[in-house]
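Protein chains: 2
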Amino acid sequence: MPTSFFNTFNHYTLENDAVAYYPDSIDSVLQKLDQATTNEAGFADFSIELRISLFNEIIIALQSGKDELRSLYCRESGLNEKRFNIEFERVIYQLEHFASFLKNGNLNEEFEKKVINGKEISFKRSNEPIGKVLVIGASNFPLAYSAIGGDVVSALAAGCPVIYKAHPYHIGTSLFVAKLIETSLSRLSLSPGFYIHYTDNHSNSVTKSILLSGQIDAVGFTGSQSVGRYLMDLCAALPCPIPVFAEMGSLNPVVLCSKELENNEQKYADLLAVSITNDAGQFCTKPGLIIYPKNEHGEIFKEKLIYAIAQKPHFHMLHPIIHDRYQKSVNSLSKQTEADVLLRQSGSNSISGEKVLLKVSTKSFIDNSCFHEEAFGPLALLVEYCDERDLVALLSSLNGQLTGTIIANEHDQALPMVISILRKKCGRLILNGVPTGVNVLSTMHHGGPYPSSSDSRFTAVGQKSIYRFVRPVTFQNF
Amino acid sequence: MPTSFFNTFNHYTLENDAVAYYPDSIDSVLQKLDQATTNEAGFADFSIELRISLFNEIIIALQSGKDELRSLYCRESGLNEKRFNIEFERVIYQLEHFASFLKNGNLNEEFEKKVINGKEISFKRSNEPIGKVLVIGASNFPLAYSAIGGDVVSALAAGCPVIYKAHPYHIGTSLFVAKLIETSLSRLSLSPGFYIHYTDNHSNSVTKSILLSGQIDAVGFTGSQSVGRYLMDLCAALPCPIPVFAEMGSLNPVVLCSKELENNEQKYADLLAVSITNDAGQFCTKPGLIIYPKNEHGEIFKEKLIYAIAQKPHFHMLHPIIHDRYQKSVNSLSKQTEADVLLRQSGSNSISGEKVLLKVSTKSFIDNSCFHEEAFGPLALLVEYCDERDLVALLSSLNGQLTGTIIANEHDQALPMVISILRKKCGRLILNGVPTGVNVLSTMHHGGPYPSSSDSRFTAVGQKSIYRFVRPVTFQNF
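Which chain is which? The protein sequence lines are A and B, in order.
Numbering follows our numbering, with no gaps: position 140 of the first sequence is 129.
Numbering follows our numbering, with no gaps: position 476 of the second sequence is 465.
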């Protein structure tokens, strides 16, 4: 019998929701996993054509459940209808994107012939599913990085059964999506073992047991650096270590150069204000570090940014725990003696994300490691640089980042240097734009050097994210 | 001052060679590494064209040094001239193979455009070098998996500086090759920091210090499971974990089915006898487990295999330590009460590899984990199966393997089942052939599920091995 239950947070009443969700027991999840393992036929029969059909079925199911899904999503996450629509469309597009990737033969076998000792031998390189993939959903995208998010879709596209852990603060949304996927599998007579959804308990012991059972072959995770590293360490220490792709967020530095900034102070202040505050800044690519020049243009920009952010609306944070964690970051950063508080603006209710702008010197930023940690919410750190030497020192001090943004034009002499340092530190560089908005593309790379992700060679977004879950096998002389 | 030195083994005198090699000090290697790091210009300037030129220069240098190289190689490794020629040609071909991979634009940038909020945005996905790659050479391929082996060439092809640890039993060969590479770099005015060669001391403390220094971004290793796992654990526990590609060898099971075996007993006995004994069986793909049917054809095959192996010449093992380690494996396996010794045939001198055939029952093989460990030398384990149930149990008990070989034809009913199990366990399947001989091909996959390699998604051989050392970066709106 479960000893405890979950309530999600109701963003309309600002209290815990009345519905109680009970965690699954370790035994019941392990039993389902076991069935997924022994069901060899089902596993082998998950052809590329069936995967495409499954994605089409899921699209139909999602469309038919859209209204109910919207209502659950908004109530549980506090994200608004506009955001729901964007995320819903992203999920549909993502399913189509992977279906077309498969249709275009990208995962097909590759053939070659070679004469060996006078005899022509055929070689075929096939893309096998790596095995069962555990996906741990993120709180900030209840659809697009969750029960039917990028990790789930790319693992299924690779032919892998997915074991999905619901995020405790949107279990309702998660269960609803899982039901739609289960129905889609059933309509195609595919084994239910291809998508196993579970709710963990408060100590996450089900997830740990699943990993220690040795039945999981890869992990997809989106979330904090501390949990990501915990998973990396746990899986590296298994008798049979398995790959973990953890996408863990970062500071996402923005470097403003004088020539491009000149006369564009308002434009970039507005762009960045939206990127920092939208949906309470709860994006792994939120620009959390703004590096601007110590001159007239930098000063104008700074003032305009403070004003623009102050004018932006407050947004709900996703749930009380993320709100508390963010508030702790805000308090801790504001308290640093080196930090100059430019703006602190609380919202009207207990779940609102406080808008915060802090300023620190180049030296303080470099020396104080707490300024290098992500604050997950509508906060940005401003650092002023005097010259190129300052800039080199600043950029060289950065950890691995998901993104780096450069505001510059061909008249900014520092541009080549900034690119040459940031391309080594970041997974994606953006010129004269903002880092938020990670498009589902073939050329997208969403990942970066540690600690922004666990493995800089892979992306969590776009078609190529499938290669996290593909294991090539060569067939010689078949 | 170094406190100890190395002598390689002289396979002509059967004693330690007179030449003493002194290990490099930790400080000197770290200093070179540091220079490779700070030399940003050199790193960035290692264009694809320069990499192709470098490979061409190295080919010329190797050709010009071929005679001296052959003499060092044969003396230090005990491998004969015929084998030297095969390995030398493989190295030349490998350099050409990667040059053509680069020439064909496989590492070029990928472009895409996407309309975002009414504006067309360009995306470019570029393949950046992952950073500095530590390569730890193998004893059994003093060229092709060593100072100018697959790991080195694929890392350089990716644009990465290589830090190469010489194998202590072919330091002379290694230093000679390193000199050729250094000359090639210098002829192209490339930084010497792109190839740093060092000799470690007896406790391997230089290698450990290099890894702990945080200056290495990826590791390529070929060798034993114990050292491979040690490296995996060390690198996973670093403050900033780095990927290790360890290719660690395996049993390489061969499954013989009755219909194909019928009337081909002699042919397969001969093929396998060569594959097991050639160069003293010191190949990571040596067939170490022969699974054959309990019937007339199996019995004939077994007798012919014993006879064929007994007729094969003895070969020198690579060095005294590998010889001792192998002898310990032989003694330990032969002593198991379940093991039936079919053949033990010692060579004429102290470095010869003893030819060994053992037989165990299906049950003993499944139950006794020591039969699942690779014995690196001319030894094979024979296991007889009664029926398909036996075969399923046997194959299901296997760990991850580099290769799986199937001797069967369309009349063998078990074939689909054997393929369906082995494709989950192996990196390469071979039909009616032998697993030794890993061709440098675009379709080659040399790697497999743990413990045969550290990451089943990557290959150590062929063009695609470059992706172990490539880190994509997306340039948005550039």
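C-beta: ideal position from N, C-alpha, C; glycine also.
Distance, residue j Cα to residue i Cα
| i | j | result |
| --- | --- | --- |
| P461 of chain B | S337 of chain B | 54 angstroms |
| L68 of chain A | L250 of chain A | 33 angstroms |
| E29 of chain A | L39 of chain A | Residue placement at E29 of chain A cannot be trusted, given a pLDDT of 49 that sits under 50; what the coordinates show is reported in the next sentence. For E29 of chain A and L39 of chain A, the distance between alpha carbons rounds to 16 angstroms. |
| G161 of chain B | S14 of chain B | 18 angstroms |
| L418 of chain A | V244 of chain A | 11 angstroms |
| N95 of chain A | S42 of chain B | 31 angstroms |
| C246 of chain A | L430 of chain A | 29 angstroms |
| Y158 of chain A | N5 of chain A | 10 angstroms |
| E362 of chain B | L200 of chain B | 28 angstroms |
| G31 of chain B | L177 of chain A | For G31 of chain B, the pLDDT reaches just 48, beneath the cut-off of 50, and the residue's location in the model is therefore unreliable, although a value from the coordinates is still provided. Near 56 angstroms, if we compare the C-alpha coordinates of L177 of chain A and G31 of chain B. |
| P232 of chain B | N252 of chain B | 48 angstroms |
| Q24 of chain B | V122 of chain B | 15 angstroms |
| V18 of chain A | A225 of chain B | 28 angstroms |
| I37 of chain B | E109 of chain A | 32 angstroms |
| A297 of chain B | T274 of chain B | 20 angstroms |
| A481 of chain B | D206 of chain A | What is shown of chain B runs -10 to 467, which leaves residue 481 of chain B out entirely. |
| I295 of chain B | P230 of chain A | 38 angstroms |
| A7 of chain B | G416 of chain B | 42 angstroms |
| H400 of chain A | K293 of chain A | 23 angstroms |
| L164 of chain A | G287 of chain A | 49 angstroms |
| G436 of chain A | V407 of chain B | 38 angstroms |
Residues that residue i bridges to, as DSSP identifies them
| i | result |
| --- | --- |
| F234 of chain B | B:G209 |
| H312 of chain A | Its beta-bridge partners do not exist; DSSP assigns none. |
| P468 of chain A | The question about residue 468 of chain A has no answer here: the residues shown for chain A are numbered -10 through 467. |
| H305 of chain B | B:S341 |
| G393 of chain B | B:L418 |
| K154 of chain A | A:I125 and A:Y187 |
| F4 of chain B | Position check: residue 4 of chain B holds Glu in this sequence, whereas Phe was assumed. DSSP output for E4 of chain B lists B:N(-1) as bridge partner(s). |
| R460 of chain A | A:E117 |
| V330 of chain A | A:L347 |
| I110 of chain A | A:K103 |
| A369 of chain A | A:L346 |
| P242 of chain B | B:L278 |
Residue i at chain A interface by Cβ criterion, 8 angstroms
| i | result |
| --- | --- |
| G422 of chain B | yes |
| F77 of chain B | no |
| H286 of chain B | no |
| E85 of chain B | no |
| L39 of chain B | no |
| D444 of chain B | yes |
| E29 of chain B | Caution applies to E29 of chain B, whose pLDDT of 49 falls short of 50 and renders its modelled position unreliable; the value that the coordinates give is listed next. Yes, contact with chain A. |
| F478 of chain B | The structure shown has nothing for residue 478 of chain B, since chain B only spans -10 to 467. |
Classification of residue i by the beta-carbon crowding that lies within 10 angstroms, buried from 16 upward
| i | result |
| --- | --- |
| E254 of chain A | buried |
| E117 of chain A | buried |
| L3 of chain B | exposed |
| Q300 of chain A | exposed |
| R446 of chain B | buried |
| Q465 of chain A | buried |
| A9 of chain A | exposed |
| S339 of chain A | exposed |
Cutoff 8 angstroms: residue i Cβ touching any chain B Cβ
| i | result |
| --- | --- |
| G416 of chain A | yes |
| K471 of chain A | For chain A, the structure presents residues -10 to 467; residue 471 of chain A sits outside this window and is missing. |
| P242 of chain A | no |
| I48 of chain A | no |
| P232 of chain A | yes |
| M(-10) of chain A | Residue placement at M(-10) of chain A is poorly supported in this model, since its pLDDT is 44, which falls under 50; the coordinates still yield a value, given next. No, because no Cβ of chain B sits closer than 8 angstroms to the Cβ of M(-10) of chain A. |
| C375 of chain A | no |
| T266 of chain A | no |
| L460 of chain A | Reading off the sequence shown, one finds Arg at residue 460 of chain A, where the question assumed Leu. Closer than 8 angstroms: yes. |
Cβ of residue i within 8 angstroms of any chain E Cβ
| i | result |
| --- | --- |
| R412 of chain A | Structure shown: chain E not included; protein chains present are A and B. |
> At a cut of 8 angstroms, does the stretch 139 to 157 of chain B reach the stretch 174 to 186 of chain B through at least three beta carbon pairs?
Replying inline: Yes, the stretch 139 to 157 of chain B touches the stretch 174 to 186 of chain B.
>> Taking 8 angstroms as the cut-off, does the stretch 132 to 152 of chain B touch the stretch 79 to 92 of chain B (at least 3 CB pairs, one atom from each stretch)?
In response: Touching, per the Cβ criterion.
> Would the stretch 419 to 427 of chain B and the stretch 387 to 406 of chain B be scored as touching if the rule is three or more Cβ pairs under 8 angstroms?
Replying inline: Yes: the two stretches touch, three or more of their Cβ pairs being nearer than 8 angstroms.
>> For the structure I just gave you, are there three or more beta carbon pairs, one from the stretch 341 to 356 of chain B and one from the stretch 373 to 383 of chain B, closer than 8 angstroms?
In response: Under the 8 angstroms Cβ criterion, the stretch 341 to 356 of chain B counts as touching the stretch 373 to 383 of chain B, having at least three qualifying pairs.
>> Between the stretch -8 to 2 of chain B and the stretch 449 to 458 of chain A, can you find at least three pairs of beta-carbon atoms closer than 8 angstroms?
In response: In the pairwise beta carbon analysis, the stretch 449 to 458 of chain A is classified as not touching the stretch -8 to 2 of chain B: fewer than three pairs are separated by under 8 angstroms.
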